[in-house]
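Here's the structure we're looking at; comments come further down.
Residue numbers (our numbering): -1 to 269.
So this is what it looks like as structure tokens:
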């Protein structure tokens, strides 16, 4: 399936009169605008096509569901039916992620590491909306109040992990598929509790939005395993963040380059 075929198929599956479709051939994207709301979203067609080749009809069902929920959230926002502060969470994104909405409104963000940035989301149940200045005004919150609410809410998320042993090393996976798996990297209490279980070097990885990997690296081969694992998740995630991992020590996260058959070098030292 090529981009043109995908564009036409999505438009057939979403026949709403309220939606205005435009195919941008130069950028290979689909721009969908909700006429009544006056807002829209942009789809990267090659990415969806790649997922379709792997998952088939399931990939189309997922993207159609996401589009519907996004516009439903926009409609509720316009009507003033926004959820309260208990539905505000932080989300982790790459530093290359856009800092403005398609309408040109600044997203509310906080610096995190050299590889990651914190955004804030308004959870509407089936989906969430990144919070920009307009949404912040609608919520009648200051930026500091918003960030404090998010810091509080992330601590309430489940932190159940699955354990796997590879080549004498231990890896812990957190994968609740609630949209905030990577956000658990901001739960300092959780990280400190995991640190107590670690006998080697503690690493933390957020290759994409829907997974958090904590490594107990006990030998040099563990770093090779970690590098391969992080890259695999990064290339297969819906919302990739970073293929680099972090050393966690004394409450600090340091990005590392993992060199084959060697211990890692901290990014700053590498430079």
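Ideal placement from N, C-alpha and C gives every residue a C-beta, glycine not left out.
Roughly how many whole angstroms lie between the Cα atoms of residue 267 and residue 251? Note that residue 267 scores 43 on pLDDT, short of 50, meaning its location in the model is unreliable; the coordinates nonetheless yield the value given after this. Each residue's Cα considered, the two are about 14 angstroms apart.
Using a 10 Å radius around the Cβ and a threshold of 16 neighbouring Cβ atoms, would you call residue 150 buried or exposed? Its Cβ having fewer than 16 others within 10 Å, residue 150 is exposed.
Cα-Cα separation, residue 258 to residue 221: Note that residue 258 scores 48 on pLDDT, short of 50, meaning its location in the model is unreliable; the coordinates nonetheless yield the value given after this. Spanning the two alpha carbons is a distance of roughly 8 angstroms.
Does the distance from the C-beta atom of residue 63 to that of residue 87 stay below 9 angstroms? One thing to note: residue 63 has its Cβ no nearer than 9 angstroms to the Cβ of residue 87.
Among 23, -1, 32, whose alpha-carbon lies nearest the alpha-carbon of residue 12? 32
Contacting residues, own chain, Cβ-Cβ under 7 angstroms from residue 72 (five flanking each side not counted): Result list for residue 72: 32, 35, 37, in chain order.
How big is the Cα-Cα spacing for residue 186 and residue 247? 12 angstroms
Among all the DSSP beta bridges, which residues are the ones paired with residue 22? 27
Would you report the Cα separation of residue 135 and residue 96, rounded to the nearest angstrom? One alpha carbon belongs to residue 135, the other to residue 96, and they sit about 20 angstroms apart.
Taking 9 angstroms as the threshold (C-beta atoms), are residue 169 and residue 227 in contact? yes
Rounded to a whole number of angstroms, what is the C-alpha to C-alpha distance between residue 164 and residue 201? Looking at the two C-alpha atoms, the distance is approximately 15 angstroms.
Tell me the residue span of the alpha helix (DSSP H) that contains residue 46. 43 to 53 is the span of the alpha helix (DSSP H), which, as asked, contains residue 46.
Can you tell me whether residue 3 is buried or exposed, with buried defined as 16 or more other CB within 10 angstroms of its CB? exposed
So within the segment 81 to 112, which uninterrupted beta strand (DSSP E) runs reach at least 3 residues, ignoring any that extend past its ends? 86 to 92, 107 to 109
If I'm right that residue 235 touches residue 205 with Cβ under 8 angstroms, what's the distance once you round it to whole angstroms? 6 angstroms
Local conformation of residue 174 per DSSP, three classes: coil
From residue 70 to residue 182, what distance separates their C-alpha atoms? 27 angstroms
Taking DSSP as the reference, what is the three-state secondary structure of residue 222? helix
Limits of the unbroken beta strand (DSSP E) element including residue 202: Residue 202 -> beta strand (DSSP E) spans 199 to 203.
Hey, quick one: how far does the beta strand (DSSP E) through residue 243 stretch, first residue to last? 243 to 247
Reference residue 162; option with closest CA among 156, 172, 153: 172
Do the segment 210 to 218 and the segment 42 to 62 make contact, defined as three or more Cβ pairs closer than 8 angstroms? No, they do not touch.
Member of 130, 225, 166 whose CA lies at the smallest distance from the CA of residue 197: 166
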